[in-house]
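Undergrad:
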Amino acid sequence: MVQGGDPTISFEWKVTYGTISPLGVPVKGILINGQFPGPNMNSTTNNNVIVNVFNNLDEPFLLTWSGVQHRKNPWQDGVLGTNCPIPPGTNYTYKFQVKDQIGSFIYYPVTAMHKAVGGFGGLRINSRLLIPVPYADPADDYTIIAGDFFNKGHTTLKKILESGRNLGRCDGVHINGKVAKGDGSDEPLFTMEAGKTYKYRICNAGIKTSLNVRFQGHTMKLVEMEGAHTVQNDYESLDVHVGQCFAVLVTADQEPKDYFVVASTRFTKREVTATGVIRYTNGKGAPSPKLPPPPVGWAWSLNQFRTFRWNLTASAARPNPQGSYKYGSVNITRTIKLANTAQKVDGKLRYAINGASYVEPTTPLKLAEYYGVADKVFKYDTIPDDPPAEITKVTMEPVVLNLTHRNFMEIIFENRETAIQSYHLCGYAFFAVAVETGQWSPEKRKNYNLLDAVSRHTIQVFPKSWAAILLSFDNCGMWNIRSEVWDRRYLGQQLYVSVVSPNKSLRDEYNMPESALVCGVVESMPRPPPAYT
Numbered sequence: 000m001v002q003g004g005d006p007t008i009s010f011e012w013k014v015t016y017g018t019i020s021p022l023g024v025p026v027k028g029i030l031i032n033g034q035f036p037g038p039n040m041n042s043t044t045n046n047n048v049i050v051n052v053f054n055n056l057d058e059p060f061l062l063t064w065s066g067v068q069h070r071k072n073p074w075q076d077g078v079l080g081t082n083c084p085i086p087p088g089t090n091y092t093y094k095f096q097v098k099d100q101i102g103s104f105i106y107y108p109v110t111a112m113h114k115a116v117g118g119f120g121g122l123r124i125n126s127r128l129l130i131p132v133p134y135a136d137p138a139d140d141y142t143i144i145a146g147d148f149f150n151k152g153h154t155t156l157k158k159i160l161e162s163g164r165n166l167g168r169c170d171g172v173h174i175n176g177k178v179a180k181g182d183g184s185d186e187p188l189f190t191m192e193a194g195k196t197y198k199y200r201i202c203n204a205g206i207k208t209s210l211n212v213r214f215q216g217h218t219m220k221l222v223e224m225e226g227a228h229t230v231q232n233d234y235e236s237l238d239v240h241v242g243q244c245f246a247v248l249v250t251a252d253q254e255p256k257d258y259f260v261v262a263s264t265r266f267t268k269r270e271v272t273a274t275g276v277i278r279y280t281n282g283k284g285a286p287s288p289k290l291p292p293p294p295v296g297w298a299w300s301l302n303q304f305r306t307f308r309w310n311l312t313a314s315a316a317r318p319n320p321q322g323s324y325k326y327g328s329v330n331i332t333r334t335i336k337l338a339n340t341a342q343k344v345d346g347k348l349r350y351a352i353n354g355a356s357y358v359e360p361t362t363p364l365k366l367a368e369y370y371g372v373a374d375k376v377f378k379y380d381t382i383p384d385d386p387p388a389e390i391t392k393v394t395m396e397p398v399v400l401n402l403t404h405r406n407f408m409e410i411i412f413e414n415r416e417t418a419i420q421s422y423h424l425c426g427y428a429f430f431a432v433a434v435e436t437g438q439w440s441p442e443k444r445k446n447y448n449l450l451d452a453v454s455r456h457t458i459q460v461f462p463k464s465w466a467a468i469l470l471s472f473d474n475c476g477m478w479n480i481r482s483e484v485w486d487r488r489y490l491g492q493q494l495y496v497s498v499v500s501p502n503k504s505l506r507d508e509y510n511m512p513e514s515a516l517v518c519g520v521v522e523s524m525p526r527p528p529p530a531y532t
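Per numbering that gives the first Met the number 0, residue 0 is the first one in the sequence shown, and the count goes up by one each step.
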């Protein structure tokens, strides 16, 4: 459903295969309108967005809009629990509103292992002119899409996972699909004029590796994190975990010449680094080969997380009540602890949450629910809210938690492994109130930031540590909680939450659109009458 009265922006996207070689090795990539990464989507708060996607691949394809909250409209979320993938040789038109949001986000494919070879790009939601941002207008607004890369190609990566192994280490890192050679022949990714300040939106669109990003010779002033204005601290470097986006201001205040922007892997045995060139206009000279050093260890990263604060004085679009200033004084009605584990099932590696490893049904969960045949596809609440200290048995099934509309909830992500995690929640922004080492207990609530935690949609969890988020589940629909580490997500580390309108009211959720694709057990069923009035 597109809301009348607000401006509409439209996009025509053709998805094709094409050869890409971000690390110098040719790979069969996925292009949008011939581009890798895909085109930047530029929108403004409350825009109605129409994206007509033509799938010219020989396999099903589906895009998700990471961080767009789709208020009352899960039908446009683009995940396999709500949407049928777009069949080869056909098209599907997404229609959604970027309501009451600002910020820097990404879109990417959720089918197979497509994300490993493209189909991703930047998605920006600018503040409306009537609502001032808490910094002067930058001279220009740039997007950095960085990520790890595997030269094996998406079909081989999928076979590795289906054989019961993980993907191992990446072959390298790219910045906007490229890596600078550093021999003076590189074209600049961006240009800056001396004395002016520029906005850089930095997103990690990789599939498993956290990155550290830094600008040679320049500091970054953090101004936004995903969809929220932040307190404006200066940073020499920023850890950007998979699925996360930051916006920073960089002032061109150095000698006019070329400089490197640097992205290097974090928490890996072998550090891999990529560079891109930033050129001062009328500058003379190649960038120095001496790169700014990366931080060491994850304690540094944890301490950096604790410096992030929400800018409470900034005007901005805010979805309520997640955008409420008063989240710290709302009573918690339910606590769910989600513990991740890695185990072998029938000799093959699976990742699980609370002892359940998610299996993708052929019928999207939301369609099954809407058609009244949920019992043929999944069962609700098959995992406990508080998992046992030892998880010895893993079941393989679709996992759906039944949540009460408007309940204010606490979710604890407990990482029982030695690998860093990154979790994303569709349909919402949440308050990331704590990330700490060890095990969570109710006494840890005294350490929560209940005043100015940043409102965001993706949170990292360090090894043998936990993260706590608070939010009101006021957005009806079927929403995905998933690992942004793609081999984990593919092998079961995800689940869904179902939030149903108690009154079946259109004020809470839109009906299934006429254009929605159908598949699985509902494909041959008559379309039900509108469920919401």
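All C-beta atoms in this analysis are idealised placements derived from N, C-alpha and C, irrespective of residue type, glycine included.
Nothing here was measured: the structure is a model prediction, and the numbers come from that model.
(1) Rounded to the nearest angstrom, what separates Asp5 and Leu129 at their Cα positions?
(2) May I have the straight-line CA-CA distance separating Thr403 from Val499, to the nearest angstrom?
(3) So Leu56 and Val14 are in contact, right, with Cβ under 8 angstroms, and what is the actual spacing, rounded?
(4) Does Pro529 come out as helix, strand or coil in the three-state DSSP assignment?
(5) So, for Ala313: in the same chain, excluding its five sequence neighbours on each side, which residues have a beta-carbon less than 6 angstroms away from its beta-carbon?
(6) Does Lys581 come out as helix, strand or coil in the three-state DSSP assignment?
(7) For Met533, count the other beta carbons within 10 Å of its own beta carbon; 16 or more makes it buried, fewer makes it exposed. Which is it?
(8) Could you check what DSSP says for Ala373 in three-state terms: helix, strand or coil?
(9) Taking contact to mean 3 or more Cβ pairs, one atom from each stretch, closer than 8 angstroms, check whether the region 238 to 258 and the region 336 to 349 are in contact.
(10) Given this structure, state the Cα-to-Cα distance separating His153 from Ser328, to the nearest angstrom.
(11) State the DSSP-derived secondary structure class of Tyr509, mapped to helix, strand or coil.
(12) I'd like to check one pair, Arg123 with Asp140: are the Cβ atoms closer than 9 angstroms?
(13) Quick check on Ile159: does DSSP put it in helix, strand or coil?
(14) Below 8 angstroms on the Cβ atoms is my guess for Trp585 versus Glu413; work out the distance and round it to an integer in Å.
(15) On the premise that Phe304 lies in contact with Ile419, defined as a C-beta separation below 8 angstroms, what is that separation, rounded to the nearest angstrom?
(16) Nearest to Gln96 by CA position, among Asn90, Glu58, Val48 and Ser65, is which residue?
(17) Helix, strand or coil for Ser471, going by three-state DSSP, please let me know.
(18) Residues in its own chain within less than 6 angstroms of Ala433 by CB, not counting five upstream and five downstream?
(19) Is Pro527 close to chain C? Criterion is C-beta to C-beta, closer than 9 angstroms.
(20) Please list the segments of the beta strand (DSSP E) lying wholly inside the region 47 to 115, counting only runs of 3 or more residues, in order along the chain.
(21) In terms of alpha-carbon separation, which member of Lys114, Ile101, Asp252 and Lys443 lies closest to Asn125?
(22) Roughly how many whole angstroms lie between the Cα atoms of Tyr54 and Lys98?
(23) Using DSSP with H/G/I as helix, E/B as strand and the rest coil, what is Val453?
(24) Can you tell me which of the three DSSP states Ser500 falls into?
(25) Rounded to whole angstroms, what is the Cα-Cα separation between Asn11 and Asn32?
(26) What are the boundary residues of the beta strand (DSSP E) that includes Trp485?
(27) Exposed or buried, what is Gln75 when buried is set at 16 or more other beta-carbons lying within 10 Å of its beta-carbon?
(28) Whether or not the region 167 to 178 and the region 271 to 282 are in contact is what I'm after, with contact meaning three or more pairs of Cβ atoms, one per stretch, closer than 8 angstroms; do they touch?
(29) Is Leu364 closer than 9 angstroms to Thr81 when the C-beta atoms are compared?
(30) Less than 6 angstroms between C-beta atoms, sequence neighbours within five positions excluded: which residues of the same chain meet that for Ile390?
(31) Can you find the residues in the same chain that come closer than 8 angstroms, C-beta to C-beta, to Val247, ignoring five residues on each side of it along the sequence?
(32) Per DSSP, what kind of secondary structure is Glu522 in: helix, strand or coil?
(33) So, is Ala298 buried or exposed, given that buried needs 16 or more other C-beta atoms within 10 angstroms?
(34) With DSSP as the reference, label Arg123 as helix, strand or coil.
(35) Assign Met524 to one of two classes, buried (16 or more other C-beta atoms within 10 Å of its C-beta) or exposed (fewer than that).
(36) Let me confirm a value: Ser9 is counted as buried when at least 16 other C-beta atoms fall within 10 Å, else exposed. Which label applies?
TA: Let me spell this out:
(1) Indexing the sequence shown from 1 puts residue 5 at position 6. Indexing the sequence shown from 1 puts residue 129 at position 130. Straight-line Cα distance between these residues: approximately 14 angstroms.
(2) In the sequence shown, counting from the first residue as 1, residue 403 sits at position 404. In the sequence shown, counting from the first residue as 1, residue 499 sits at position 500. For Thr403 and Val499, the distance between alpha carbons rounds to 7 angstroms.
(3) Looking up residue 56 in the sequence shown gives position 57. Looking up residue 14 in the sequence shown gives position 15. About 6 angstroms; that satisfies the 8 angstroms criterion.
(4) Here residue 529 refers to the residue found at position 530 of the sequence shown. Looking at Pro529 - three-state DSSP - the assignment turns out to be coil, as it is neither helix nor strand.
(5) Residue mapping note: residue 313 aligns to position 314 of the sequence shown, counting from 1. Excluding sequence neighbours, Ala313 sits near Pro133 and His228.
(6) Since the displayed the chain opens at 0 and closes at 532, residue 581 lies outside it and no answer follows.
(7) Look at the range of the chain in this structure, 0 to 532, and you will see that residue 533 is not part of it.
(8) Residue 373 sits at position 374 when you count from the first residue of the sequence shown. Three-state DSSP puts Ala373 in a helix.
(9) With the cut-off at 8 angstroms, the region 238 to 258 and the region 336 to 349 do not touch.
(10) Reading the sequence shown from its first residue, position 154 is the one you call residue 153. Reading the sequence shown from its first residue, position 329 is the one you call residue 328. Whole-angstrom Cα-Cα distance: 47 angstroms.
(11) Position 510 of the sequence shown, counted from the start, is the residue given in the question as residue 509. Tyr509 falls in the coil class under three-state DSSP.
(12) Here residue 140 corresponds to residue number 141 of the sequence shown, with the count starting at 1. Here residue 123 corresponds to residue number 124 of the sequence shown, with the count starting at 1. Against a cut-off of 9 angstroms, the Cβ pair of Arg123 and Asp140 comes out as a contact.
(13) By 1-based counting over the sequence shown, the position of residue 159 is 160. Note: Ile159 maps to helix in three-state DSSP.
(14) One cannot answer for residue 585 here, as it falls past the ends of the chain, which runs 0 to 532.
(15) In the sequence shown, counting from the first residue as 1, residue 419 sits at position 420. In the sequence shown, counting from the first residue as 1, residue 304 sits at position 305. Not a contact, Cβ separation roughly 12 angstroms.
(16) For the purposes of this step, residue 96 is taken as residue 97 along the sequence shown, with counting starting at 1. Per the Cα distances, Val48.
(17) If you number the sequence shown from 1, residue 471 lands on position 472. Of the three classes helix, strand and coil, the one that applies to Ser471 here is strand, per DSSP.
(18) Locating residue 433 in the sequence shown gives position 434, where the first residue counts as 1. Closer than 6 angstroms at the Cβ level, and outside the excluded window around Ala433, lie Asn446, Tyr447 and Ala467.
(19) Of the chains in the structure shown, none is chain C; there is only one protein chain.
(20) 47 to 54, 62 to 65, 90 to 96 and 102 to 108
(21) Numbered from its first residue, the sequence shown carries residue 125 at position 126. Minimum Cα distance to Asn125 is reached at Ile101.
(22) Translated into positions along the sequence shown, residue 54 becomes position 55. Translated into positions along the sequence shown, residue 98 becomes position 99. Residue 54 is actually Asn in this sequence, not Tyr. Put simply, the backbone Cα of Asn54 is about 27 angstroms away from that of Lys98.
(23) By one-based count along the sequence shown, residue 453 stands at place 454. Val453 falls in the coil class under three-state DSSP.
(24) Residue 500 sits at position 501 when you count from the first residue of the sequence shown. Note: Ser500 maps to coil in three-state DSSP.
(25) Translated into positions along the sequence shown, residue 11 becomes position 12. Translated into positions along the sequence shown, residue 32 becomes position 33. Before going on, a small fix: residue 11 reads as Glu here, not Asn. Cα-Cα distance, rounded: 8 angstroms.
(26) The sequence position of residue 485 within the sequence shown is 486, counting from 1. Premise fails: Trp485 lies in the alpha helix (DSSP H), Trp485 to Tyr489, not in any beta strand (DSSP E).
(27) Numbered from 1 along the sequence shown, position 76 holds the residue referred to as residue 75. With 16 or more Cβ atoms within 10 Å of its Cβ, Gln75 is classed as buried.
(28) yes
(29) Reading the sequence shown from its first residue, position 82 is the one you call residue 81. Reading the sequence shown from its first residue, position 365 is the one you call residue 364. Yes, the pair counts as a contact, with Cβ atoms nearer than the cut-off.
(30) Numbered from 1 along the sequence shown, position 391 holds the residue referred to as residue 390. Thr340 and Gly354, listed in sequence order.
(31) Start at 1 with the first residue of the sequence shown, and residue 247 comes out as number 248. Once the five neighbours on either side are set aside, the close Cβ partners of Val247 are Lys198, Tyr199, Ile201, Met219, Lys220, Leu221, Val222, Tyr234 and Leu237.
(32) Here residue 522 is taken as the residue at index 523 of the sequence shown, counted from 1. In the three-state DSSP reduction, Glu522 falls in the coil class, being neither helix nor strand.
(33) Counting from 1 along the sequence shown, the entry for residue 298 is found at position 299. Result: exposed.
(34) Position 124 of the sequence shown, counted from the start, is the residue given in the question as residue 123. Note: Arg123 maps to strand in three-state DSSP.
(35) One-based indexing of the sequence shown puts residue 524 at position 525. Exposed, because fewer than 16 other Cβ atoms sit within 10 Å of the Cβ of Met524.
(36) Position 10 of the sequence shown, counted from the start, is the residue given in the question as residue 9. Under this definition Ser9 is an exposed residue.
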